[in-house]
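Asker:
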Amino acid sequence: MESLIRVFHTYSCKEGDMYKLSNAELKSLLQEQLGDFLAASNDPMCVEKIMNDLDENHDGEVDFKEFVLLVATLTVACNDFFEGYSQN
Ligand SMILES: [Ca+2]
Ligand SMILES: [Ca+2]
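Numbering (this note's numbering), first residue to last: 3 to 90.
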């Protein structure tokens with residue numbers, strides 16, 4: 003859980019609200035942390051879809067609570083990837 007917070011904050015503090023991921027921040031988080039997953043999904047709209055799905059309160063940004071939902075979803079979809087990631 004702690005490493006999740008660290009990853010989230012690394013990206014969330016780049017611009018705007020320090021505790022929320024903007025579209026651009028989310029995109030670089032996904033591309034840098036989940037590049038293999040996105041490549042495997044073979045869907046150029048993937049990031050936008052994820053963003054829309056995640057932004058529960060429709061403020062255009064993803065807060066930590068919303069981010070945790072993403073991780074839960076992706077963990078189910080891609081369990082092996084996250085098991086490998088957490089060991090690094
Ligand atoms: Ca931000
Ligand atoms: Ca939101």
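Even for Gly, the Cβ is constructed at its ideal location relative to N, Cα and C.
Do the CB positions of residue 66 and residue 56 come within less than 9 Å of each other?
Answerer: Here residue 66 corresponds to residue number 64 of the sequence shown, with the count starting at 1. Here residue 56 corresponds to residue number 54 of the sequence shown, with the count starting at 1. No, the pair does not count as a contact, with Cβ atoms beyond the cut-off.
Asker: Please list, in chain order, all residues of the same chain as residue 22 whose beta carbon is under 7 Å from its beta carbon, the five residues on each side excluded.
Answerer: The residue you call residue 22 lines up with position 20 of the sequence shown. Result list for residue 22: 14, 63, 64, 65, in chain order.
Asker: Can you tell me the Cβ-Cβ gap for residue 28 and residue 53, rounded? I've got them flagged as a contact below 8 Å.
Answerer: Counting from 1 along the sequence shown, the entry for residue 28 is found at position 26. Counting from 1 along the sequence shown, the entry for residue 53 is found at position 51. So it is a contact: roughly 6 Å between Cβ atoms.
Asker: Name the residue from 75, 59, 10, 60 whose alpha carbon lies nearest to the alpha carbon of residue 34.
Answerer: As a working note, residue 34 is residue 32 in the sequence shown. Looking at the Cα atoms, 10 is the closest of the given residues.
Asker: Is residue 71 near residue 39, with beta carbons less than 9 Å apart?
Answerer: Within the sequence shown, residue 71 is the residue found at index 69, counting from 1. Within the sequence shown, residue 39 is the residue found at index 37, counting from 1. Cβ atoms of residue 71 and residue 39: not closer than 9 Å.
Asker: Report yes if the C-beta of residue 60 is less than 8 Å from at least one heavy atom of ligand 2; otherwise report no.
Answerer: Locating residue 60 in the sequence shown gives position 58, where the first residue counts as 1. Checking the Cβ of residue 60 against ligand 2 gives yes.
Asker: Tell me which residue opens and which closes the alpha helix (DSSP H) that residue 50 is part of.
Answerer: The count along the sequence shown starts at 1 and reaches residue 50 at position 48. Per DSSP, residue 50 belongs to the alpha helix (DSSP H) from 48 to 56.
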